[in-house]
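Heads up: the structure comes next, in structure tokens.
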Amino acid sequence: MGSTPTSNLIFMKKILITGANGQLGKEFRDLAVKFPDCEFLFLSREDLPIHHFELVRNIFNSFNPDFCINCAAYTAVDKAEQEKELAFLVNAESVGVLAAVSHLHKTKFIHISTDYVYDGLATVPYTEDAITGPQSVYGLSKKMGEAEAVKNNPESVIIRTSWVYSRHGNNFVKTMIRLMNEKESISVVSDQHGTPSWAADIASAIMQIINSRIWIPGIFNFSNDGETTWYDFANDIKRLIGSKCIVNSIPTSSYPTPAKRPQYSVLNKEKIISAYHVKLRDWRESLGSCIEGL
Ligand SMILES: NC(=O)c1ccc[n+]([C@@H]2O[C@H](COP(=O)([O-])OP(=O)(O)OC[C@H]3O[C@@H](n4cnc5c(N)ncnc54)[C@H](OP(=O)(O)O)[C@@H]3O)[C@@H](O)[C@H]2O)c1
């Protein structure tokens, strides 16, 4: 009797996605069809609250993933100033448990962090080894999450990203489109500098890392290419949707928020480009693609 030719055997990569109903999680859902050699398990907060450590262990025991991409996070930046304990539980302690369980199962752990770990005082793009200085509870909880990931699983890959938007969920782009359709004029902060990141591009970059034949642990910055301000970002959204709404420029001091944001958080992406050959798209080009798909 003939045996199955080995060339027909496909090694299916098993990928666990936590926080699967968030902006980034949903981009992975959209992207999954392009990767028939990957078996994805998408778990939302309801399916797997990552702060229920016993559930986390049970999922790893039953699914035994090759990769775990942690898209779950407490992301209510302003509310975190009041809900400190919850922010630390989800963004730090739970990340430590996910990292430790991944380590035990030899699962490659990919965690997402933020530009809010930086102090915002720089004038040139932040490298991964620049001194951090979170200005908010959220930023500090994410910084502690990075440390927990590395401590519990030194093989972790951590992606620091910034100004995330998507066709899914709530974000700056969708808020601007709504406001521009509702109002004759709006005011947007023009003295915070950073780079938008289309969540679809973050998901693609992570799939490129997974599909590369190498695994280089560490912290990697990733955003789209270029830099802008929220004000210029809003103006580009206005241009792309052909809105007549007047966009006024205001300083941060005229728009006080409970949590302080970095004044400058442009990320230097040389490390991820050289390690994983990730290609960056210009932020305007990605914004156009996202808005086209809305
Ligand atoms: N958004 C940004 O501008 C930005 C910027 C830089 C970095 N990041 C980072 O990028 C990553 C993805 O962000 P995102 O924009 O996709 O955030 P998001 O849309 O808020 O998604 C986060 C998801 O995590 C879920 N979640 C919250 N607590 C949980 C828990 N205890 N257990 C399991 N799931 C939980 C949320 O569920 P519910 O919706 O049910 O609450 C939500 O679906 C996060 O690590 C974030 O810190 C985001």
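Numbered according to the working numbering, the sequence shown spans residues -5 to 288.
Virtual Cβ for every residue (Gly too), placed ideally from N, Cα, C.
Because the structure is a prediction, the values reported are computed rather than measured.
Practice item. With a cut-off of 8 Å on the beta carbons, I'd call Gly104 and Ile44 a contact; round off their distance for me. Key: In the sequence shown, residue 104 corresponds to position 110, counting from 1. In the sequence shown, residue 44 corresponds to position 50, counting from 1. Position check: residue 104 holds Ile in this sequence, whereas Gly was assumed. Contact between Ile104 and Ile44 does not hold, since the beta-carbon distance rounds to 14 Å and is not under 8 Å.
Exercise for review: Kindly give me the distance between the Cβ atoms of Thr101 and Asp41, rounded to whole angstroms, as I take these residues to be in contact under 8 Å.
Suggested key: For the purposes of this step, residue 101 is identified with residue 107 of the sequence shown, where counting begins at 1. For the purposes of this step, residue 41 is identified with residue 47 of the sequence shown, where counting begins at 1. About 18 Å separates the two Cβ atoms, so there is no contact after all.
Exercise for review: Please list the segments of the alpha helix (DSSP H) lying wholly inside the region 245 to 272, counting only runs of 4 or more residues, in order along the chain.
Suggested key: With a minimum length of 4 residues, the continuous alpha helix (DSSP H) runs that stay inside the region 245 to 272 are 264 to 270.
Exercise for review: Return the bridge partner residues of Gly212 from the DSSP annotation.
Suggested key: Stepping through the sequence shown from its first residue, residue 212 is reached at position 218. Beta-bridge pairing links Gly212 to Val151.
Check your understanding: Who are the near neighbours of Phe166 in its chain, counting only those whose CB is closer than 6 Å to its CB and skipping five residues on each side?
Key -> Translated into positions along the sequence shown, residue 166 becomes position 172. Taking C-beta separations shorter than 6 Å and ignoring five residues to either side along the sequence, the partners of Phe166 in its chain run Tyr159, following chain order.
Practice item. May I ask you to verify whether the region 117 to 134 touches the region 254 to 272, counting CB pairs closer than 8 Å and requiring at least 3? Key: Touching, per the Cβ criterion.
Review point. Is DSSP giving Tyr112 helix, strand or coil here?
Key: If you number the sequence shown from 1, residue 112 lands on position 118. Tyr112: coil per DSSP, three-state reduction.
Exercise for review: Would you decide whether Asn175 is buried or exposed? Buried here means 16 or more other CB atoms lie within 10 Å of its CB.
Suggested key: Within the sequence shown, numbered from 1, the residue matching residue 175 stands at position 181. Label assigned to Asn175: exposed.
Review point. Is Met(-5) buried or exposed, if buried means 16 or more other CB atoms sit within 10 Å of its CB?
Key: Taking the sequence shown and counting its residues from 1, one reaches residue -5 at position 1. Low local confidence applies: a pLDDT of 40 at Met(-5) is under 50, so the model's placement there is unreliable, with the coordinate-based value given in what follows. Classification for Met(-5): exposed.
Check your understanding: What are the start and end residues of each continuous alpha helix (DSSP H) run of 4 or more residues lying completely inside the region 67 to 123, in chain order?
Key -> Complete alpha helix (DSSP H) runs here, min 4: 78 to 82 and 88 to 98.
Practice item. Name the residue from Ile240, Thr12, Val111 and Lys145 whose alpha carbon lies nearest to the alpha carbon of Asn64. Key: Mapped onto the sequence shown, residue 64 falls at position 70. Its Cα nearest to that of Asn64, the residue Thr12 stands out among Ile240, Thr12, Val111 and Lys145.
Check your understanding: Should Thr0 go down as buried or exposed, given a rule of 16 or more other Cβ atoms within 10 Å for buried?
Key -> As a first step, residue 0 is located in the sequence shown; it is residue number 6 there, counting from the start. Bear in mind that a pLDDT of 45 at Thr0, under 50, signals an unreliable position, so the model cannot answer this.
Review point. Counting pairs of beta carbons, one from the region 277 to 288 and one from the region 216 to 224, are three or more of them closer than 8 Å?
Key: As far as the Cβ criterion goes, the region 277 to 288 touches the region 216 to 224, which means the pair count is three or higher.
Point to revise | Cα-Cα separation, Ser247 to Asp72 | key: Position 253 of the sequence shown, counted from the start, is the residue given in the question as residue 247. Position 78 of the sequence shown, counted from the start, is the residue given in the question as residue 72. Each residue's alpha carbon lies about 16 Å from the other.
Check your understanding: Can you list, in chain order, the stretches of the alpha helix (DSSP H) that have 4 or more residues and sit fully within the region 10 to 74?
Key -> As far as the region 10 to 74 is concerned, its whole alpha helix (DSSP H) runs of at least 4 residues are 17 to 25 and 47 to 57.
**Study point:** CA nearest to the CA of Ile213, picked from Phe227, Lys136 and Gln76
**Key:** As a first step, residue 213 must be located in the sequence shown, where it is residue number 219. Scanning Phe227, Lys136 and Gln76 for the CA closest to the CA of Ile213 turns up Lys136.
Exercise for review: Could you please give me the residues that DSSP links to Gly188 through a beta bridge?
Suggested key: On the sequence shown, residue 188 is found 194 positions in, with the first residue counted as 1. Thr222.
Review point. Taking C-alpha atoms, which residue in Arg207, Asp24 and Ala67 lies nearest to Gly287?
Key: Within the sequence shown, residue 287 is the residue found at index 293, counting from 1. Comparing Cα positions, the closest option is Asp24.
Exercise for review: Please classify Gly(-4): does DSSP put it in a helix, a strand, or coil?
Suggested key: In the sequence shown, residue -4 corresponds to position 2, counting from 1. With a pLDDT of only 41 at Gly(-4), under 50, the local geometry of the prediction cannot be trusted, and no value is derived from it.
Review point. Does the Cβ-Cβ distance between Gly139 and Tyr110 come in under 7 Å?
Key: Indexing the sequence shown from 1 puts residue 139 at position 145. Indexing the sequence shown from 1 puts residue 110 at position 116. Annotated as distal: Gly139 and Tyr110, with beta-carbon spacing of 7 Å or more.
Review point. Per the contact definition of three or more C-beta pairs closer than 8 Å, is the region 266 to 277 in contact with the region 83 to 99?
Key: Not touching, per the Cβ criterion.
Check your understanding: By how many angstroms is the C-alpha of Ile171 removed from the C-alpha of Ala141?
Key -> Residue mapping note: residue 141 aligns to position 147 of the sequence shown, counting from 1. Residue mapping note: residue 171 aligns to position 177 of the sequence shown, counting from 1. Answer to the nearest angstrom: the Cα atoms are 37 Å apart.
Point to revise | For Leu10 and Phe57, believed in contact at Cβ under 8 Å, the rounded distance | key: Taking the first residue of the sequence shown as position 1, residue 57 is located at position 63. Taking the first residue of the sequence shown as position 1, residue 10 is located at position 16. Phe57 to Leu10, Cβ: 6 Å. Contact.
Check your understanding: Counting along the chain, where does the alpha helix (DSSP H) carrying Ile200 start and finish?
Key -> Reading the sequence shown from its first residue, position 206 is the one you call residue 200. Boundaries of the alpha helix (DSSP H) around Ile200: Ala193 to Asn205.
Exercise for review: Thinking Val151 and Pro211 are a contact (beta carbons under 8 Å), I'd like their distance in whole angstroms, please.
Suggested key: Within the sequence shown, the letter at position 157 stands for residue 151. Within the sequence shown, the letter at position 217 stands for residue 211. At roughly 6 Å, the Cβ-Cβ gap stays under 8 Å, so Val151 and Pro211 are in contact.
Point to revise | Of the listed residues Lys168, Ser156 and Asp226, nearest to Val183 (C-alpha basis) | key: Position 189 of the sequence shown, counted from the first residue, corresponds to residue 183. For Val183, the nearest C-alpha among the options comes from Asp226.
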